[in-house]
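S.K.: In this note's numbering, the protein residues as written are 737 to 1073.
1) Report all residues from its chain with a CB closer than 6 Å to the CB of residue 782; omit the five preceding and five following residues, and keep chain order.
2) Using a threshold of 7 Å, state whether the C-beta atoms of residue 1011 and residue 845 are closer than that.
3) As an exercise, report each continuous beta strand (DSSP E) stretch of at least 3 residues that is fully enclosed by the region 972 to 1009, in chain order.
4) Which runs of the beta strand (DSSP E) spanning at least 3 residues fall entirely within the region 809 to 839, listed in chain order?
5) What does a CB cutoff of less than 7 Å around residue 852 pick up in its chain, not counting 5 residues either side in sequence?
6) Return the bridge partner residues of residue 751 from the DSSP annotation.
7) Which same chain residues, not among the five before or five after residue 985, have their C-beta less than 6 Å away from its C-beta?
8) When the Cα atoms are used, what is the spatial distance from residue 892 to residue 752?
9) Rounding to the nearest angstrom, what Cα-Cα distance links residue 760 and residue 1023 in this structure?
10) How do the region 861 to 881 and the region 801 to 810 stand: do at least 3 beta-carbon pairs fall below 8 Å, yes or no?
11) Compare the Cα-Cα distances from residue 947 to each of 963, 914 and 929 and report the closest residue.
12) As a quick exercise: from 771, 928 and 953, pick the residue whose alpha carbon is nearest that of residue 934.
13) Where do the ends of the alpha helix (DSSP H) carrying residue 852 lie?
14) With a 10 Å radius around its C-beta and 16 neighbouring C-beta atoms as the bar for buried, classify residue 1036 as buried or exposed.
15) Helix, strand or coil, according to DSSP, for residue 1067 in the structure here?
16) Of all the options 1049, 1062, 1050 and 1066, which has the alpha carbon lying nearest to the alpha carbon of residue 1056?
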């Protein structure tokens, strides 16, 4: 077969299935802290297994598979070392918590995708007997991991958000569902006169105030506990929400946006930082994030026209889509007219 020849149909399908196998191996490596154990240099499979309580021959098979894809390197028979991609799997790295959440509790929901397609019901609720947010509230360790996962996944995105949008016309901004405040703090650091509020559920904000203090932003950034289905802080110049609207059905999104509209003053901006799905067969990471929403939250990723319809239904003026230098996200801008 020539290098540029297309894969035969069966080979293409097998490639897709292999992605599932690789992801499962990645999950095992993060749960067993392999990247952390290799931080000081290569180790044998026996030493790794002794440190994390696993079975050395079985662990070798997993690490060999990952090494074949550039995650870890077998430097000598049975001995493995870090590679640059593997450093993202270390504690405090960008992806360890994300892998554990996506391939942990969420993986159980993905296995029930057929249920969601056949019934339109949420697979996560079906499997766990509760919704994803009650699950995280009642499972605090997993909840903290999920918040860390969102923060880790966002680290590469934040500079692109700040670079793509001019926040300087605002004096006050509210980050709705802002979690540990990473997005808002990035915006504040880039806009020295700006003050902001992280608005989220009380149990989420327990980690937010210490993060704000550690960043030296206490005088410019505060937290407020609440429920965006009830109300949001009033009279700010801008309201932003990252990966919030995609968690909810159209009906719930309209409720959230109407509460924002009620709190906004004339000319206030609404900034929805979400995937904006292109039409047609164009590849886009949001098309697969949309499957996560289908099985886990009952939400969805949306096209620009779908955002326009929801904004207008909530009484907001739809302005534009600001594309970033990365495909994952765009900023959908609305306004209180």
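Backbone N, C-alpha and C fix where the C-beta goes; we use that ideal spot for every residue, glycine too.
M.R.: In brief:
1) The residue labelled residue 782 in the question sits at position 46 within the chain shown. Closer than 6 Å at Cβ, skipping near neighbours: 792.
2) Along the chain shown, one-based indexing puts residue 1011 at 275. Along the chain shown, one-based indexing puts residue 845 at 109. A distance of 7 Å or more separates the beta carbons of residue 1011 and residue 845.
3) Within the region 972 to 1009, the complete beta strand (DSSP E) runs of at least 3 residues are 974 to 978.
4) 809 to 812 and 815 to 817
5) Numbered from its first residue, the chain shown carries residue 852 at position 116. Correct list, in chain order: 858, 859, 1030 and 1031.
6) By 1-based counting over the chain shown, the position of residue 751 is 15. Residue 751 pairs with nothing; no bridge assigned.
7) Counted from its first residue, the chain shown places residue 985 at position 249. So the list reads 1034, once near-sequence residues are dropped.
8) Start at 1 with the first residue of the chain shown, and residue 892 comes out as number 156. Start at 1 with the first residue of the chain shown, and residue 752 comes out as number 16. Taking the straight line joining both Cα atoms gives about 26 Å.
9) In the chain shown, residue 760 corresponds to position 24, counting from 1. In the chain shown, residue 1023 corresponds to position 287, counting from 1. Whole-angstrom Cα-Cα distance: 21 Å.
10) no
11) Mapped onto the chain shown, residue 947 falls at position 211. Cα-wise, what sits closest to residue 947 is 914.
12) Numbered from 1 along the chain shown, position 198 holds the residue referred to as residue 934. Comparing Cα-Cα distances from residue 934 to each of 771, 928 and 953, the minimum goes to 953.
13) Residue mapping note: residue 852 aligns to position 116 of the chain shown, counting from 1. Element bounds for residue 852: 849 to 855.
14) Numbered from its first residue, the chain shown carries residue 1036 at position 300. Label assigned to residue 1036: buried.
15) Mapped onto the chain shown, residue 1067 falls at position 331. Of the three classes helix, strand and coil, the one that applies to residue 1067 here is strand, per DSSP.
16) Here residue 1056 is taken as the residue at index 320 of the chain shown, counted from 1. Per the Cα distances, 1066.
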